[in-house]
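**Q** Starting off with a structure, shown below.
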Amino acid sequence: MHQPSVAIIGGGAAGLSAAIAAARLGASVTVLEAAPRVGKKILVTGNGRCNLTNTAVAPAAYNQLAFVEPVLAEYDADAIRDFFGELGLLTYADDEGRVYPVSNAANSVLDVLRLECAHLGVTERCGFEVMGVSAADGGFQVASRDDETVSADAVVVTTGGGEDSLLSALGHGSIEPVPVLGPLTTELPPIRGLSGVRVRCAASLLDDAGEPVATERGELLFRDYGVSGIMIFDLSRALERGRTLSIDFFPDIAPVAFAALMAERAAELSWRRAETFFDGMLQSRIAIAVLRAAGIDAKTPVAELPCDSLASLLKDFRLAVTGRGDASQAQVTRGGAPVGEFDPHTLASRVAPGVFVAGEVLDVDGRCGGFNLHWAWASGIVAGQSAVHFATRGDLA
Ligand SMILES: Cc1cc2nc3c(=O)[nH]c(=O)nc-3n(C[C@H](O)[C@H](O)[C@H](O)COP(=O)(O)OP(=O)(O)OC[C@H]3O[C@@H](n4cnc5c(N)ncnc54)[C@H](O)[C@@H]3O)c2cc1C
33 MHQPSVAIIG GGAAGLSAAI AAARLGASVT VLEAAPRVGK KILVTGNGRC NLTNTAVAPA
93 AYNQLAFVEP VLAEYDADAI RDFFGELGLL TYADDEGRVY PVSNAANSVL DVLRLECAHL
153 GVTERCGFEV MGVSAADGGF QVASRDDETV SADAVVVTTG GGEDSLLSAL GHGSIEPVPV
213 LGPLTTELPP IRGLSGVRVR CAASLLDDAG EPVATERGEL LFRDYGVSGI MIFDLSRALE
273 RGRTLSIDFF PDIAPVAFAA LMAERAAELS WRRAETFFDG MLQSRIAIAV LRAAGIDAKT
333 PVAELPCDSL ASLLKDFRLA VTGRGDASQA QVTRGGAPVG EFDPHTLASR VAPGVFVAGE
393 VLDVDGRCGG FNLHWAWASG IVAGQSAVHF ATRGDLA
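Under this note's numbering, the sequence shown is numbered contiguously, ending at residue 429.
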C-alpha cells in the first residue's frame, strides 16, 4: 500500500506540530527548514520560558474570529496541553491563564517536539530553503535554493510571518505584512524625562471622535521613543482604528470619586506646593510630566491648584501615537496569506489542491499571552492531519 508523503515547509511551531500530527496518521513526513536548526523562534518566546497557550483561548482574541473558530473548537487550551502532555511536557498556568512548561525553559518545549518527531521517523532537513513548489506526478516537487528536491503527495506551508513568495507563486494573494504586538512611538514632549518609568495603569486607543477602540490594563513602560509593555503590545493590534493613547493612572477609581479625592487631598495638604502635592500618590517623574502638561509651575501653592483639571489629566493623559516602534521588537506579523483562500476546517488551499497552511503565514494574529503559539500548534495539527487525509484519499470528502 502506498504510504502517503507530506512535505512541511518551515520547521517552526506550526511546522513541528503539523509534522507530528501527520506522522501519527502514518505519513512519511519531511520537515524542510531554511535555518540550520528547527524551532529557533520557540526558544525566544515568553522571554525564554515559552508561553505556549492560554486558558482563555477563544476566537475573540484573534483578528480573524470566524476563520479561527473551527480550529479552536477542535483544539482549545486543554487539548493543546494534552497534546504536550502526551509528549511528556509538564505545564502550569499562571494567574492570568498563561501556560508555561513547569521547567520554565522554552527548550523543554522544543526538546519534546523534536524527540517526538524523531520517534515517529520524521525526517528533518535543515539548511533547506524552499524556493519553489511545483506540481509533479500527481503530487508536488519542492525545490531548495541549492536545487535539491523533495517529492510529496501533499505540502504544508508553515513559513511564518512576512512575505511568502511560495504561496504567491501557487496563485495565492498576499496582504501586506505589518508588525503587530510591539511598542508604539508617540509625540515626545509630554513624556520627556519618563524613559524607563514603569507604571500600572489602564490605557486606551481613541479614534478621531475620541471614542475608545481598545482598552488594556497592566504595566506600561515609557521609553525615549514612546511606550512599550505587554498592554501596549496588545493595543498595537488596534492601531489602524485609533491613533491617540489615553492613559488612566488610577483605573480603580471612578472619575467623580477621583475628583473628590483630589479635592480632599488639596484641602488636607494645602501647605504643600505643586512639586510635592503628588508625593505619596504618584511616581515623582510622572508628577513632573503631569504638572508640565497642565502648564503649572512647580512652586504653585496647593491651594491654587486646579484640582478638577489635574484629576481629569491623571484619568485621561493623552499622547498622539505617531506609529509603530522598532519592527524587530514586534512579536507577530499581521497580513500574509488571506484567510478567505483557505478552508477554515481543514486549512486546505482553495486555489492549489494538496497545499495546506498553518501558523503565522496566514493573516491571523492574536493577543499577547500564548494566543499566537496556540494558533500555531492548533492550526499545525489540523493542517498536518488534513494533508494526510488528502494524500490518502486525494480529496477531503
Ligand atoms: C520575541 C518573541 C516572543 C514571543 N513570545 C511568544 C509567547 O510567549 N507566546 C506566544 O504565543 N507567541 C509568542 N510569540 C509569537 C510566536 O513566536 C509566533 O506566533 C510563532 O512562532 C509562529 O509560529 P510559525 O511556525 O507560524 O512561524 P515561525 O515560528 O516563524 O516558523 C517559521 C519557520 O519557517 C522557516 N522558513 C521560512 N521560510 C522558509 C523557506 N522558504 N524554506 C524553509 N523554511 C522556511 C523559518 O526559518 C522558521 O523556522 C513571540 C514572538 C517573538 C518574536
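By construction, the Cβ of each residue, glycine as well, lies at the ideal position given by its N, Cα and C atoms. The structure presented is a predicted model; accordingly, all values stated were derived computationally and were not measured.
Alpha carbons only, please: which of 80, 243, 49 is nearest the one belonging to residue 150?
**A** Of the listed residues, the one whose Cα sits closest to residue 150 is 49.
**Q** Which value, in whole angstroms, describes the spacing of the CA atoms of residue 401 and residue 77?
**A** The alpha-carbon atoms of residue 401 and residue 77 are separated by roughly 10 Å.
**Q** Using only the alpha-carbon positions, how far apart do residue 275 and residue 198 sit?
**A** Cα to Cα, the separation comes out at about 34 Å.
**Q** What are the uninterrupted segments assigned as alpha helix (DSSP H) that are 4 or more residues long and contained completely in the region 45 to 83, given in chain order?
**A** For the region 45 to 83, whole alpha helix (DSSP H) runs of length 4 or above, ordered along the chain, are 45 to 56, 72 to 76.
**Q** Helix or strand or just coil, what does DSSP make of residue 277?
**A** Strand.
**Q** Near residue 155, what residues of its chain come up, given a Cβ to Cβ distance below 6 Å and the 5 sequence neighbours on each side ignored?
**A** Answer for residue 155: 62, listed in chain order.
**Q** Candidates 346, 298, 119: which alpha carbon is nearest residue 320's?
**A** When each option's Cα is compared against that of residue 320, the closest is 346.
**Q** For residue 331 and residue 322, what's the separation of their Cα atoms in angstroms?
**A** Between residue 331 and residue 322, the C-alpha separation is close to 14 Å.
**Q** What's the C-alpha gap between residue 414 and residue 294?
**A** Near 56 Å, if we compare the C-alpha coordinates of residue 294 and residue 414.
**Q** To the nearest angstrom, how far is it from the Cα of residue 37 to the Cα of residue 210?
**A** Rounded to whole angstroms, residue 37 to residue 210 spans 34 Å at the Cα level.
**Q** So, helix, strand or coil for residue 234, using DSSP?
**A** Strand at residue 234.
**Q** At a Cβ threshold of 8 Å, is residue 310 touching chain C?
**A** Given the protein chain composition of this structure (a single chain), no chain C is represented.
**Q** Given a threshold of 16 other Cβ atoms within 10 Å of its Cβ, counted over all protein chains shown, does residue 352 qualify as buried or as exposed?
**A** Label assigned to residue 352: exposed.
**Q** Is residue 198 near ligand 1, going by C-beta to nearest heavy atom under 7 Å?
**A** True, at least one ligand heavy atom lies under 7 Å from that Cβ.
**Q** Using a threshold of 8 Å, state whether the C-beta atoms of residue 342 and residue 83 are closer than that.
**A** No, these two residues do not count as a Cβ contact at 8 Å.
**Q** Whether or not the region 38 to 57 and the region 86 to 103 are in contact is what I'm after, with contact meaning three or more pairs of Cβ atoms, one per stretch, closer than 8 Å; do they touch?
**A** Segments in contact, no.
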